[in-house]
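In what follows, a single structure is set out as structure tokens and then discussed.
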Amino acid sequence: MSSNNSPLPNFTSLSQRTALYRPPPTSTPPDPSQKAAPQTIILCAWFRALPKHISKYTTAHQHRNPSADILLLQSGVADMIFTSHATQRAHLLPAVEILRAAHAAGNRILLHVFSNGGANSAVQLAHAWREVVGTPIPVDAVVLDSCPGSPDIRLAATAVITSIPRSQQWWAVVFVWTVIMPLFISPMLVGSPNLVEWLRRGLNDGSLFAREVPRVYLYSEADRLVPSSAVEEHCAEARNAGYKASLVRFRGSAHVAHVNEDKVRYWGAVDEVMGSS
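Okay, so the sequence shown: first residue is 27 according to the working numbering, each after it adds one.
Shown next, in the form of structure tokens:
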């Protein structure tokens, strides 16, 4: 089933930034021996991710777990910078209801997060869930691909500019530094964290993400947008906070492209973190 507004074939649009895939009734039933396999997958895409790029991951999940539902959360720079937290969470209420049904059914749930855009979606979803249900988001494992980034303003600016189509980047530099970055750093003027620091803290907040839920960070030495040091520092902070966190480092892959370097290693890490929950 699909909606005219859905970003991908066979996905139904739930709201402007949320879509759901339900496997067809004829899909292969789950293998009883694969007890760790997810029945629900939440995929939080990166800023301005194109459908053809998102589908690389949704298709892989469909092939690997043909009976699993996939809840897709998309985001743009404007969502993170110009839209209030309350409004972002209101937009995610349909996702909360899907998640609540999956949790009530006893589904094993995987949270697959890409870049700072996806991390913002994940943290906002966890906040929306907590506001409705009062508990940490009920996922069984977390995969953090190319995130979280550094709160350094120069890297944040580069990430935003890169998310804008190349044909428009001639004006993007001026716009980012004169309009977006002042909004990005304005919380710091009143003693609050900037937006990237806010999501970094959110990912390690035990009231949002339970500390017993295992997570794996997939990152690269060659990522120009998210330095390996930013990921490693966050992993260390997570471990110090009591999270079961592991690192899988790739050597030459670009941002949100680690699966291209070693597909077996990438998906093996996903399987391993699900199996450890």
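Quick reminder that beta carbons are idealized off the backbone N, C-alpha and C, glycines included.
According to the neighbour-count rule (16 or more other Cβ atoms, all chains shown, within 10 Å of its Cβ), is residue i buried or exposed?
i, result
"G143", "buried"
"N286", "exposed"
"G294", "exposed"
"T85", "exposed"
"Q150", "buried"
"A116", "exposed"
"V290", "exposed"
"H87", "buried"
"M27", "Note that M27 scores 40 on pLDDT, short of 50, meaning its location in the model is unreliable and no value can be drawn from it."
"A75", "buried"
"A256", "buried"
Just tell me which of the options has its CA closest to the CA of residue i.
i, options, result
"P177", "S41, H79 and W224", "W224"
"R241", "P219, A248 and K270", "K270"
"S254", "N220, P174 and R226", "P174"
"L181", "R250, H117 and S93", "R250"
"R226", "C261, A75, S302 and G301", "C261"
"V252", "A94, Y292 and D171", "D171"
"V159", "R126, A148, V169 and H138", "R126"
"A267", "F235, A128 and G278", "F235"
"N133", "N91, H111 and V103", "N91"
"Q42", "D105, A112, N146 and P219", "D105"
"A152", "V103, I67, G228 and V239", "G228"
"G301", "A256, V169 and H89", "V169"
"V292", "P219, Y83 and S218", "Checking the displayed sequence, the identity of residue 292 turns out to be Tyr instead of Val. The option with the nearest alpha carbon to Y292 is Y83."
"T109", "P219, S303 and N146", "N146"
If you measure between the beta carbons of residue i and residue j, is that distance less than 8 Å?
i, j, result
"A167", "V274", "no"
"L97", "I124", "yes"
"I107", "L244", "no"
"T44", "L118", "yes"
"A264", "N230", "yes"
"P164", "L40", "no"
"A94", "Q65", "yes"
"P50", "P77", "no"
"A148", "V122", "no"
"L69", "H138", "yes"
In chain order, what residues of the same chain have a beta carbon less than 6 Å from the beta carbon of residue i, not counting five sequence neighbours either side?
i, result
"A71", "I80, Q100, F140 and G144"
"F276", "S246, H284 and E287"
"E238", "none"
For residue i, which residues of its own chain have a beta-carbon under 7 Å away from its beta-carbon, when the five flanking residues on both sides are left out?
i, result
"E258", "L273"
"V282", "W72, F140, S141, D171 and S172"
"N30", "Confidence is the limiting factor: at N30 the pLDDT is only 48, short of 50, which leaves the residue's position unreliable, though a coordinate-based value still follows. Hits under 7 Å: none found."
"G102", "F73 and R74"
Using a Cβ-Cβ cut-off of 8 Å (strictly less than) and excluding sequence neighbours within five positions of residue i, which residues of its own chain qualify?
i, result
"D297", "A62"
"S233", "R156 and P162"
"G278", "S246, E247, A248 and E287"
"H111", "Q150 and H153"
"S303", "A62, R134, D166, A167, V239 and P240"
Could you check whether the Cβ of residue i sits closer than 7 Å to any heavy atom belonging to the ligand NAP?
i, result
"V103", "For the ligand NAP, the structure offers nothing, since it holds no ligand at all."
Quiz prompt | Whole runs of the alpha helix (DSSP H) within the segment 238–272, excluding any shorter than 4 residues | solution = 254–266
Quiz item: Going along the chain, which unbroken runs of the beta strand (DSSP E) with 3 or more residues stay wholly within the segment 116–152?
Solution: 135–140
Quiz prompt | Whole beta strand (DSSP E) elements within the segment 67–112, 3-residue minimum | solution = 95–99
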